[in-house]
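Protein chains in written order, with the working numbering: chain H, 1 to 500; chain R, 1 to 321.
To start, the structure under review is shown below, and the notes come after it.
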């Protein structure tokens with residue numbers, strides 16, 4: 001067998017992290033090669049390099065016996081490397097035919113050859129054994145599994161030698177997964193090589209020939225699937241050292257302040273139950289698509305909940321940001337720039353915003369001295385680096401913006417804080433400042449809900465850990481009794497050791 | 001990193017974008033002062049300000065809506081409708097001027113409230129919702145008046161609103177300044193104003209900060225309606241009558257004043273004092289062209305060109321992001 005793709009010493013850094021560090025492996029012609037790793041292992045970066053969205057800092061690639069260094073996604077496609085992302089790239093209002101042919105429409109002097117378009121779409125769907133998909137239907141009306149087939153068909157219209165698939169089964173049910181796997185295996189028998197990126201170990205054993213494991217940007221293992229167990233895979237994916245020392249967890253927990261009962265959303269999760277005590281840090285974790293972000297957003301009213309309830313200090317709480325504010329429940333969203341701060345407003349107003357009504361006297365006139373004092377207090381308290389209170393937040397660094405996003409809730413005297421991925425995209429120094437802050441806030445009696453995919457930070461901070469898999473509550477673990485391997489096992493949906 | 005020495009080009013563009021029309025305004029004033037004898041006479045200045053009064057008062061409401069990133073195109077129609085309400089209550093139902101005036105303002109507020117509900121709760125785009133409202137109001141005005149002018153001696157009682165003087169200052173000009181002073185404080189010093197700017201600058205983040213965004217929007221549309229109602233009363237006083245088309249002439253001046261004044265079409269940015277200056281500028285254009293003896297048809301061309309220049313400056317400013 002010959003290699004269709006070989007990577008030689010590929011490295012790529014981002015400010016503060018080495019996303020890929022000297023990675024080398026080969027994908028054999030006509031095989032299904034799985035790529036696995038925990039969050040942040042470097043899978044996405046590698047995928048982006050292969051698909052031309054990023055360039056490596058060092059190393060070289062050979063594809064189909066020629067040097068390969070795509071300068072853009074288009075160049076990668078022309079070379080025969082097609083990538084299907086988890087977020088499908090389809091035009092929902094256009095027909096299946098139009099979507100399959102998009103960008104490569106057969107035409108004569110710019111006039112579409114509709115007959116040829118239709119034939120080509122029918123042919124490629126027949127090749128995928130998916131003639132049941134209505135050619136004239138708008139793609140938006142198809143099922144997710146059908147959309148995925150349309151996406152694959154689109155890829156096959158061009159000269160596709162290597163198909164990269166990112167978590168293709170994330171939104172599919174079992175029978176759809178079986179059908180998709182049949183298609184992937186058919187493609188393999190037609191000589192197409194496949195790089196299959198997934199979190200799901202079971203699928204790798206059903207589907208892949210070879211598996212490569214990444215951890216912290218480094219290649220740990222490339223091995224034929226037949227020679228490995230899922231236990232080995234999990235232990236090679238973990239084994240990460242905790243960077244730096246976490247502050248000691250708060251020991252004195254108070255009474256229960258928030259309780260979630262049988263929370264269900266048709267768009268994300270079901271059967272969620274947990275509670276949080278004063279002074280406690282409860283982490284919610286899971287893989288991408290596990291429903292952890294959706295659950296976090298639902299607690300503040302930014303995601304629909306269809307049944308179940310949330311109790312706050314014993315009273316039913318119908319989540320909404322304004323009601324949350326009234327009960328001192330603060331929220332630091334994942335998307336800092338779009339949701340956490342108002343970039344065009346000064347630091348002072350960003351911090352005072354939820355407290356303004358309390359800083360005003362008759363007729364709503366804001367007491368500007370009090371506003372300034374409040375903002376200055378939080379800037380000092382959190383050590384926010386800003387030249388002045390008037391500085392626009394967009395001119396601050398990411399870590400300081402994150403602190404502003406949190407400061408506004410501390411200024412209101414919050415008792416519960418919901419933090420979603422609070423250290424994402426933040427450099428290591430500020431990360432540990434935020435960890436210390438979380439510890440300090442819990443020691444002051446705040447209840448903290450920490451939604452995070454960073455296992456080390458969860459282990460270092462949380463008293464209890466809620467693990468989700470596929471929208472289901474998988475386990476509620478004691479933060480001091482568990483370890484990285486156990487958490488990962490639950491995040492991968494493997495409940496018992498035997499199933500491994 | 002944050003040195004004060006020297007102005008960056010981006011900053012310069014921002015300053016010109018926000019105030020560029022003021023430079024053009026000053027230029028225009030200088031030209032008129034040099035070429036005509038009458039322009040700088042206090043009588044002419046008061047004439048200009050008197051003409052600007054109604055447009056600039058209603059423009060405050062439009063500005064509130066546009067600071068929130070929306071647009072209300074029904075305000076001129078609402079002005080006309082409220083004017084008809086005030087006049088017919090006085091002429092046909094012999095209501096006192098105070099009650100009739102109050103009613104016309106409240107009708108304006110009520111319809112503004114309805115606009116707000118359509119935009120926030122029914123979630124119709126604000127231009128479309130208010131465009132629909134504009135047709136409804138124009139239609140009702142036509143149906144009610146049957147195209148006839150409503151006029152009666154009772155209207156003399158509200159004549160002072162447009163023709164009266166307090167000392168040397170015409171009443172409408174005084175009203176205009178009072179409204180602007182009040183709303184200057186509302187926008188810059190109160191929680192309401194802070195919320196308006198916050199929502200306009202980032203609606204999602206403001207909502208997540210616990211601000212009741214829908215409520216604030218409904219309030220802004222309602223205030224815009226109230227001000228349009230007040231504008232209708234003033235216009236009824238000025239005309240001494242009510243006609244189905246009495247609001248028509250205001251549609252573009254209101255929008256032009258707000259946009260020319262530098263309120264960003266995407267919301268969140270702009271100063272109320274600039275809206276006032278822009279409204280006065282618009283009236284000065286017309287006034288100056290009359291003084292210079294330029295034909296009515298050409299005047300419209302010039303007004304159009306000015307709007308385009310104002311919009312170009314707006315784009316220039318926000319392209320920098």
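Heads up, the beta-carbon is just placed ideally off N, CA and C, and yes, glycines get one too.
ask   = With a cut-off of 7 Å, does the C-beta of residue 202(R) fall near any C-beta of chain H?
value = yes
ask   = Which residues, taken in chain order from the stretch 205-238 of chain R, show a beta carbon closer than 8 Å to some beta carbon of chain H?
value = 205, 206, 207, 208, 209, 210, 211, 212
query = What do you reckon, are the CB atoms on residue 63(R) and residue 256(R) nearer than 7 Å?
reply = no
ask   = What whole-angstrom Cβ distance do residue 281(H) and residue 438(H) have, given they're in contact under 8 Å?
value = 6 Å
ask   = Taking the Cβ atom as the reference point for each residue, do residue 61(R) and residue 223(R) lie within a distance shorter than 7 Å?
value = yes
8 Å contact criterion, which residue 218(R) and residue 113(R) should meet: CB distance rounded = 6 Å
inquiry  = Helix, strand or coil, according to DSSP, for residue 341(H) in the structure here?
reply    = coil
inquiry  = Check whether chain H comes within 7 Å of residue 123(R), counting only Cβ atoms and requiring the distance to be less than that.
reply    = no
query = For residue 357(R), which residues of its own chain have a beta-carbon under 8 Å away from its beta-carbon, when the five flanking residues on both sides are left out?
reply = This structure cannot speak to residue 357(R), because chain R is shown only from 1 to 321.
message = Taking only three categories from DSSP, how would you classify residue 387(H)?
response = coil
inquiry  = Between the stretch 111-127 of chain H and the stretch 143-161 of chain H, can you find at least three pairs of beta-carbon atoms closer than 8 Å?
reply    = yes
query = Less than 7 Å separating the beta-carbons of residue 22(H) and residue 13(H)?
reply = no
query = Considering only C-alpha positions, which residue in the set 15(H), 138(H), 92(H), 489(H) is nearest to residue 57(H)?
reply = 15(H)
key: chain R residues whose Cβ lies nearer than 8 Å to that of residue 325(H)   = 209, 210
ask   = Relative to the alpha-carbon of residue 342(H), which residue among 45(H), 103(H), 395(H) has its alpha-carbon at the smallest distance?
value = 395(H)
ask   = Using a Cβ-Cβ cut-off of 6 Å (strictly less than) and excluding sequence neighbours within five positions of residue 41(H), which residues of its own chain qualify?
value = 214, 215
ask   = Looking only at C-alpha atoms, which of 272(R), 231(R), 252(R) sits nearest to residue 78(R)?
value = 231(R)
message = Under 7 Å, Cβ to Cβ, is there at least one residue of chain H near residue 271(R)?
response = no
query = Which class does residue 190(H) belong to by DSSP, given the choice of helix, strand or coil?
reply = coil
ask   = Count the other CB atoms within 10 Å of the CB of residue 336(H); is the residue buried (16 or more) or exposed (fewer)?
value = buried
message = On the criterion of 16 or more Cβ atoms from any shown chain inside 10 Å, does residue 173(H) qualify as buried, or is it exposed?
response = exposed
message = With a threshold of 7 Å between beta-carbons, can residue 15(H) be considered close to chain R, or not?
response = no
query = Buried or exposed: residue 49(H), going by 16 or more other Cβ atoms within 10 Å of its Cβ?
reply = buried
query = What distance in whole Å lies between the Cβ atoms of residue 327(H) and residue 389(H), which are believed to be in contact at a cut-off of 8 Å?
reply = Between residue 327(H) and residue 389(H) the Cβ distance is about 28 Å, and since that is not below 8 Å, they are no contact.
task = Could you check if residue 200(H) is buried or exposed, using at least 16 other CB atoms within 10 Å of its CB as the buried criterion?
result = buried
inquiry  = Using C-beta distances below 7 Å, list every residue in its chain close to residue 117(H), excluding the 5 sequence neighbours before and after it, in chain order.
reply    = 97, 101, 105, 106
message = For the alpha helix (DSSP H) containing residue 321(H), name the first residue and the last one.
response = 321-326
request  = Please name the residues in the stretch 386-400 of chain H whose beta-carbon is closer than 7 Å to at least one beta-carbon of chain R, in chain order.
outcome  = 387
query = Residues of chain H with CB under 7 Å from residue 192(R), in chain order?
reply = 364
query = In terms of DSSP beta bridges, what is residue 355(H) paired with?
reply = Answer is none; residue 355(H) lacks a bridge partner.
task = Return the bridge partner residues of residue 467(H) from the DSSP annotation.
result = 285(H), 475(H)
ask   = residue 139(H): buried (16+ other C-beta within 10 angstroms of its C-beta) or exposed?
value = buried
task = With 7 Å as the C-beta to C-beta threshold (strictly closer), list the residues of the stretch 252-268 of chain R near chain H in chain order.
result = 268
key: Distance CB(residue 261(R))-CB(residue 278(R)) smaller than 7 Å   = yes
Per DSSP, the bridge partner or partners of residue 304(H) = According to DSSP, residue 304(H) bridges with nothing at all.
query = Excluding five sequence neighbours on each side, which residues of the same chain lie with their C-beta closer than 7 Å to the C-beta of residue 179(R)?
reply = 57, 60
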